[in-house]
Amino acid sequence: MVRLKSRYLLCEVNVSDRSQLLLLDDRAIMVAVKAAVARTHGDYGAAMCSIRFCVKYLNAHTGIVFLRFPKSCYKLLWSALPFITSVETRGQKIPCFLNCLHVGGTIRTCQKFLIRYNTQQLHRMLPKCKSEEEKRQVRKAILSCSLTESKEAFEEDSESEEEEEEEE
Amino acid sequence: MSAAKVKMREKKMRNQPASVQYPSSSSNVESSTQNGADAPGTGKNADPLKGGLSEVHPSTERQKKTPHQSGWVRGHHKDGGGYTKEMPKYVTAGAFARARAAEVSAMLKAVRKTTSSSRVFEALPKHMRRRAMSHNTKRLPHRLREVANRMREKGLQAGSKKKKEQAKSKSRKARRRHGNLLLEFNRRQRKNIWLETHIWHAKRFHMVKKWGYCLGDRPTYKCYRACYRAMSSHCLLQDLSYYCCIELQGDEDKLLAALSQLTSKEAGPTFAAALCLSGRRQGSVMVYRAGRYPSQPLGPVTFLWRPRTQGSVHRQLWIWAHPTLKQDLLPELQTVCQCCEAVLPPAAPVEVNPTLEAESEPENTPEAKPVPGTKRKRSRKDATGPPAKKILGDGTRLRSTPVSWRSSSNGIVINDLTMEIVRYRLIGPQSHSVLVDTLEAATGCDEVPKSQTCSLWWPQHCSDEAKMTLHQQQADIFNILKGIYSTAELPSGTVLGLTVDDPRLTLPRKRVKALPCVKQAQEVDEEKRQKLMLEGVPEPCCQSFIWEQSVRDNVTDNKISEQELNRMRSEVLVPGSRLSPTPLQGRVPILLVEQPGKQVGHEMSSWGAGWDLLLPKGWGMAFWIPLVYRGVRIGGLNMSLKHSQNKAAPHFPRDYPDCPAGMRFQEEQEAELLNKFKRHPPAKRTNYIKHGCVAPFRCPWQQLAEEWEIIVREGGSQTRTTAQADAVTEERTSQQAISITKPPSRFTVLRNRKALKLLSAWCRPTTSKGQRPCRVGELPPISCEAVTSFLSAHAMSLVWVHVSLPSKGKPEYHAMLCVPTPDDLKALGNRQGTGGPQEPPHRDHFKSRIKRRKKDPKKTATPSVTPDKPDGKKADLIFASDLDTNASKDPKSFSESSSDLVLGLWPDPLPSVASHCSRVTVGWVTQGDFSMSAGCGEALGFVSVAGLLNTLLNQTSEHKGKLLLRNPTSLHYRFAKINIEV
Numbered sequence: 001m002v003r004l005k006s007r008y009l010l011c012e013v014n015v016s017d018r019s020q021l022l023l024l025d026d027r028a029i030m031v032a033v034k035a036a037v038a039r040t041h042g043d044y045g046a047a048m049c050s051i052r053f054c055v056k057y058l059n060a061h062t063g064i065v066f067l068r069f070p071k072s073c074y075k076l077l078w079s080a081l082p083f084i085t086s087v088e089t090r091g092q093k094i095p096c097f098l099n100c101l102h103v104g105g106t107i108r109t110c111q112k113f114l115i116r117y118n119t120q121q122l123h124r125m126l127p128k129c130k131s132e133e134e135k136r137q138v139r140k141a142i143l144s145c146s147l148t149e150s151k152e153a154f155e156e157d158s159e160s161e162e163e164e165e166e167e168e
Numbered sequence: 001m002s003a004a005k006v007k008m009r010e011k012k013m014r015n016q017p018a019s020v021q022y023p024s025s026s027s028n029v030e031s032s033t034q035n036g037a038d039a040p041g042t043g044k045n046a047d048p049l050k051g052g053l054s055e056v057h058p059s060t061e062r063q064k065k066t067p068h069q070s071g072w073v074r075g076h077h078k079d080g081g082g083y084t085k086e087m088p089k090y091v092t093a094g095a096f097a098r099a100r101a102a103e104v105s106a107m108l109k110a111v112r113k114t115t116s117s118s119r120v121f122e123a124l125p126k127h128m129r130r131r132a133m134s135h136n137t138k139r140l141p142h143r144l145r146e147v148a149n150r151m152r153e154k155g156l157q158a159g160s161k162k163k164k165e166q167a168k169s170k171s172r173k174a175r176r177r178h179g180n181l182l183l184e185f186n187r188r189q190r191k192n193i194w195l196e197t198h199i200w201h202a203k204r205f206h207m208v209k210k211w212g213y214c215l216g217d218r219p220t221y222k223c224y225r226a227c228y229r230a231m232s233s234h235c236l237l238q239d240l241s242y243y244c245c246i247e248l249q250g251d252e253d254k255l256l257a258a259l260s261q262l263t264s265k266e267a268g269p270t271f272a273a274a275l276c277l278s279g280r281r282q283g284s285v286m287v288y289r290a291g292r293y294p295s296q297p298l299g300p301v302t303f304l305w306r307p308r309t310q311g312s313v314h315r316q317l318w319i320w321a322h323p324t325l326k327q328d329l330l331p332e333l334q335t336v337c338q339c340c341e342a343v344l345p346p347a348a349p350v351e352v353n354p355t356l357e358a359e360s361e362p363e364n365t366p367e368a369k370p371v372p373g374t375k376r377k378r379s380r381k382d383a384t385g386p387p388a389k390k391i392l393g394d395g396t397r398l399r400s401t402p403v404s405w406r407s408s409s410n411g412i413v414i415n416d417l418t419m420e421i422v423r424y425r426l427i428g429p430q431s432h433s434v435l436v437d438t439l440e441a442a443t444g445c446d447e448v449p450k451s452q453t454c455s456l457w458w459p460q461h462c463s464d465e466a467k468m469t470l471h472q473q474q475a476d477i478f479n480i481l482k483g484i485y486s487t488a489e490l491p492s493g494t495v496l497g498l499t500v501d502d503p504r505l506t507l508p509r510k511r512v513k514a515l516p517c518v519k520q521a522q523e524v525d526e527e528k529r530q531k532l533m534l535e536g537v538p539e540p541c542c543q544s545f546i547w548e549q550s551v552r553d554n555v556t557d558n559k560i561s562e563q564e565l566n567r568m569r570s571e572v573l574v575p576g577s578r579l580s581p582t583p584l585q586g587r588v589p590i591l592l593v594e595q596p597g598k599q600v601g602h603e604m605s606s607w608g609a610g611w612d613l614l615l616p617k618g619w620g621m622a623f624w625i626p627l628v629y630r631g632v633r634i635g636g637l638n639m640s641l642k643h644s645q646n647k648a649a650p651h652f653p654r655d656y657p658d659c660p661a662g663m664r665f666q667e668e669q670e671a672e673l674l675n676k677f678k679r680h681p682p683a684k685r686t687n688y689i690k691h692g693c694v695a696p697f698r699c700p701w702q703q704l705a706e707e708w709e710i711i712v713r714e715g716g717s718q719t720r721t722t723a724q725a726d727a728v729t730e731e732r733t734s735q736q737a738i739s740i741t742k743p744p745s746r747f748t749v750l751r752n753r754k755a756l757k758l759l760s761a762w763c764r765p766t767t768s769k770g771q772r773p774c775r776v777g778e779l780p781p782i783s784c785e786a787v788t789s790f791l792s793a794h795a796m797s798l799v800w801v802h803v804s805l806p807s808k809g810k811p812e813y814h815a816m817l818c819v820p821t822p823d824d825l826k827a828l829g830n831r832q833g834t835g836g837p838q839e840p841p842h843r844d845h846f847k848s849r850i851k852r853r854k855k856d857p858k859k860t861a862t863p864s865v866t867p868d869k870p871d872g873k874k875a876d877l878i879f880a881s882d883l884d885t886n887a888s889k890d891p892k893s894f895s896e897s898s899s900d901l902v903l904g905l906w907p908d909p910l911p912s913v914a915s916h917c918s919r920v921t922v923g924w925v926t927q928g929d930f931s932m933s934a935g936c937g938e939a940l941g942f943v944s945v946a947g948l949l950n951t952l953l954n955q956t957s958e959h960k961g962k963l964l965l966r967n968p969t970s971l972h973y974r975f976a977k978i979n980i981e982v
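Quick mapping for you: the protein sequence lines, in order, are chains A and B.
Taken in order, the first sequence gives residues 1 to 168; the numbers are from the UniProt record's numbering.
Taken in order, the second sequence gives residues 1 to 982; the numbers are from the UniProt record's numbering.
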């Protein structure tokens with residue numbers, strides 16, 4: 001009802017060399033975004049970016065980033081994202097660009113989108129596999145994530161709670 | 001964030017995925033690569049990565065290790081969600097797929113699983129929610145019902161857990177059962193002891209916890225005036241059992257020699273006063289530390305000697321002291337008497353059994369006269385159960401703490417009889433009629449005691465002829481009391497020993513007001529009454545068996561319980577008639593002590609005289625109710641303060657600022673008042689700085705005495721030359737001057753009789769009409785020489801004064817007593833009835849500092865503050881510049897210590913207290929109120945002797961003793977007349 005509203009941007013970091021992706025760091029992403037915003041929108045943009053902007057999540061393996069912007073100015077900040085050409089991390093400059101996949105009002109919607117997106121990507125990977133070994137692994141991965149439609153989410157939850165209580 | 005918040009957040013974020021990244025520090029990476037080199041994989045390139053991703057749920061795995069870092073964590077944190085594994089060299093499709101899958105599952109978990117605080121139905125989409133879902137699980141979709149049921153049961157269990165804890169406490173009925181109730185009561189008085197009348201008081205009074213006791217402060221009903229009327233015309237009853245009694249036993253001369261170190265003849269009669277020593281009167285003395293008169297006083301005590309028994313020099317002395325005084329007095333007594341040898345209470349049975357017996361009695365009610373042997377057995381049995389015995393006396397004291405000390409050298413024994421004796425105080429002119437009405441001299445037991453081994457004390461005494469004649473004499477004197485018109489007619493401090501019947505037997509059916517029956521008694525005999533009024537009680541009649549430990553114990557143990565008494569009453573043939581024969585247990589030795597009323601001053605003399613009733617412990621309520629049924633008013637601590645105020649007597653510990661107990665009291669009071677002050681919002685508080693009140697919550701006596709000493713010393717030469725010299729010199733009392741002086745001696749309260757008499761004569765207006773000028777002739781008239789010689793002895797003294805306001809004004813405590821300027825006195829002479837001068841409002845320069853500090857709390861207050869400009873009047877004085885510099889220095893010194901500034905109060909290093917306002921302060925009021933006996937405001941307080949004499953010297957004889965009084969919350973000075981009453 002009454003809350004601070006934000007927009008969550010689900011972005012993908014695209015790099016030419018996949019192994020460079022592993023060097024990524026949430027601090028580095030943050031710095032890069034801020035710099036880009038400052039470059040494109042000047043002091044006003046930098047100020048906007050300093051309030052409630054945050055990197056919520058980063059997966060260095062897949063290159064998925066959740067960015068949080070205040071809802072009032074997310075369009076302005078978003079418009080600066082294409083100008084990121086490189087991220088400097090650990091003394092290296094990684095040439096990359098951010099591809100925005102989804103814009104959500106809550107993290108939850110982003111997460112839901114990400115699930116769908118990831119499974120889709122895995123399905124796309126499967127026909128492109130070159131060796132049998134790879135194929136096997138990808139299939140396994142697909143299976144592992146499609147099996148999670150478990151109805152017993154709450155059960156697990158309650159069980160884990162019980163354990164906790166026992167520990168206490 | 002607080003720990004609880006962190007915990008909550010952790011719980012909430014438990015299921016949220018954390019960022020997945022490698023640790024950022026390069027050194028870490030290097031080391032990890034080394035590790036990788038050390039442990040080569042199975043030959044596959046992707047092995048390291050594989051290792052890294054072998055955990056399918058990286059985030060969950062990590063959670064277990066470091067739960068604090070899980071979930072969304074605000075801001076960046078080092079090695080945030082990083083794997084501890086090394087960074088792989090290559091990325092393979094399989095590994096990448098696995099990473100994707102892992103992410104999916106992490107996200108799935110985040111999306112699916114609700115936070116722990118939410119119920120099942122909260123996870124449902126809004127359109128599927130139904131009313132009362134949490135109550136009725138059937139409203140949930142079928143697939144969720146099972147889970148919801150389980151959760152609900154769990155919640156119920158959790159609820160029942162809490163209930164179980166509560167259920168541990170028994171039902172109300174069980175709790176209110178007598179034994180359990182007593183246990184509970186005993187538990188509750190572990191910290192603060194209850195008096196025997198506690199429950200009676202607790203139902204009717206505001207109770208306060210003070211001095212280790214629970215005491216009634218004031219009644220819940222309105223009775224201030226009624227209590228005053230009772231004190232002045234009928235009778236007011238108070239329970240003073242909290243006063244501590246210390247018993248000294250030993251040879252008379254040795255006791256006196258030891259005690260003489262504690263007192264001084266200069267301050268009035270000592271322990272050795274002849275009348276008191278004979279045991280016929282109760283005395284009161286001011287006790288000092290051994291040999292330290294007059295610098296280290298302890299406090300006032302009253303004492304009572306046991307009358308001599310024939311041919312014995314062994315004496316017994318009771319010293320009654322206030323509980324706050326006891327902790328200082330007892331060690332002092334021990335050193336004086338050389339009693340360091342603690343006598344441990346004799347083996348347990350003696351101490352424990354009496355109480356056990358006393359309690360076991362009501363349990364086996366059918367036995368009218370239980371044989372001691374069987375009782376003991378029963379009590380043993382009972383002892384196995386919970387010891388539900390009512391604590392009599394000081395039960396909170398550990399058994400092992402010694403209550404008695406013996407001296408090996410001089411044979412003196414000190415016993416601590418705290419809570420062993422109940423003391424009631426009846427105040428008022430009719431208290432003797434209340435006593436006469438309530439008490440009845442014990443009836444002898446006619447039937448010869450059949451069993452010689454009777455455990456009761458009275459039958460044994462009855463068999464002794466001498467004791468019976470003594471008892472008869474005492475009873476006669478007690479009967480003469482009926483004929484007395486007012487309690488004050490008796491010599492003050494008269495003691496009367498007596499043995500009385502159980503007063504419960506003569507309890508009236510309705511509450512009645514005891515009235516004197518003078519006419520009826522006048523017939524008795526006039527001359528005996530005259531003799532009693534003139535000479536008091538003859539010595540043998542002051543003897544009482546309450547002095548005997550054994551008798552006291554016997555009486556306490558054999559008290560008939562209320563229940564038993566009621567049973568006996570119900571068996572009487574004619575309902576409501578008196579029990580006859582009186583049960584043998586109901587004979588109580590008591591001691592009646594007359595309390596003197598107002599002894600000083602000329603008006604209302606002997607106001608508030610009364611009787612003290614001393615009883616053995618355990619009999620408190622048995623006497624209390626019958627007394628209450630005689631129409632007395634009951635007063636609390638509040639009333640005893642008013643009593644002493646009307647008597648113009650200092651009240652311990654409030655009015656003994658030089659005693660350790662008084663100092664403690666002042667500290668407590670300051671803290672209490674400050675607390676109360678701080679509870680108000682700043683805008684609704686009195687700004688005492690603006691009122692020119694330096695210390696509204698305490699009286700810095702030491703500083704006052706010091707300042708006046710300096711004023712007098714430095715201004716000694718000038719006083720003769722100019723009349724206004726004191727006005728000049730006091731300006732010099734800056735803090736600088738004080739710091740120069742030699743290490744100051746402590747202030748004392750003047751208690752030297754001769755000096756007080758001299759002062760009293762000096763401050764009396766000599767030309768006043770009603771005054772008898774007889775004594776002035778004997779004493780030297782006030783002059784500079786006399787004053788200097790007086791001050792050489794008592795420069796650092798304070799003197800207790802009685803202040804009355806002839807016109808308007810109601811003094812409050814901590815009101816200032818100031819010296820009027822000659823102009824004020826002239827104005828008073830011109831137009832009688834005008835109020836008094838006004839104090840110009842002061843400026844609060846601390847206010848701005850507090851404001852500034854609020855604005856930027858980080859910065860310390862800068863010392864650039866404009867000094868408090870002195871009033872224009874002061875500016876033309878010689879030392880104006882001197883003062884200015886001082887004043888400008890003062891705030892600077894304050895600003896350094898301005899850590900705890902309170903708006904409206906001076907911070908701690910106080911400015912000069914004497915010369916802070918336009919009129920010079922000489923003292924403060926410690927008690928003040930509208931006096932109903934005088935019909936105007938009256939106050940009691942202390943003034944500095946030096947200041948007072950300085951004032952008196954400069955006043956004309958017409959205005960001798962006129963001072964100004966100003967309340968801390970007012971700017972208006974009122975004229976007041978001071979009296980020193982001896």
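Beta carbons are placed, not taken as given, at the ideal position from N, Cα and C, and that holds for glycine.
C-beta contact flag for residue i and residue j at 8 Å
{"i": "H643 of chain B", "j": "M231 of chain B", "result": "yes"}
{"i": "V657 of chain B", "j": "Q666 of chain B", "result": "Per the sequence shown, residue 657 of chain B should be read as Pro rather than Val. A contact, by the Cβ cut-off of 8 Å."}
{"i": "C337 of chain B", "j": "I414 of chain B", "result": "yes"}
{"i": "L9 of chain A", "j": "L58 of chain A", "result": "no"}
{"i": "W924 of chain B", "j": "A795 of chain B", "result": "no"}
{"i": "G493 of chain B", "j": "Q543 of chain B", "result": "no"}
{"i": "A441 of chain B", "j": "W708 of chain B", "result": "no"}
{"i": "Q645 of chain B", "j": "D929 of chain B", "result": "yes"}
{"i": "E184 of chain B", "j": "G620 of chain B", "result": "no"}
Alpha-carbon spacing of residue i relative to residue j, whole angstroms
{"i": "V15 of chain A", "j": "G91 of chain A", "result": "17 Å"}
{"i": "L22 of chain A", "j": "T89 of chain A", "result": "10 Å"}
{"i": "K617 of chain B", "j": "H234 of chain B", "result": "27 Å"}
{"i": "G809 of chain B", "j": "L903 of chain B", "result": "27 Å"}
{"i": "P433 of chain B", "j": "S957 of chain B", "result": "Correcting the residue type first, residue 433 of chain B is Ser in the shown sequence and not Pro. About 47 Å."}
{"i": "E10 of chain B", "j": "K113 of chain B", "result": "15 Å"}
{"i": "L144 of chain B", "j": "I64 of chain A", "result": "33 Å"}
As assigned by DSSP and simplified to three states, the class of residue i
{"i": "V87 of chain A", "result": "strand"}
{"i": "E12 of chain A", "result": "strand"}
Cβ separation of residue i and residue j, assumed to be a contact under 8 Å, to the nearest whole Å
{"i": "L138 of chain A", "j": "A97 of chain B", "result": "The identity of residue 138 of chain A in the sequence shown is Val, whereas the question assumes Leu. The Cβ separation is near 4 Å, so the contact holds."}
{"i": "T62 of chain A", "j": "A99 of chain B", "result": "5 Å"}
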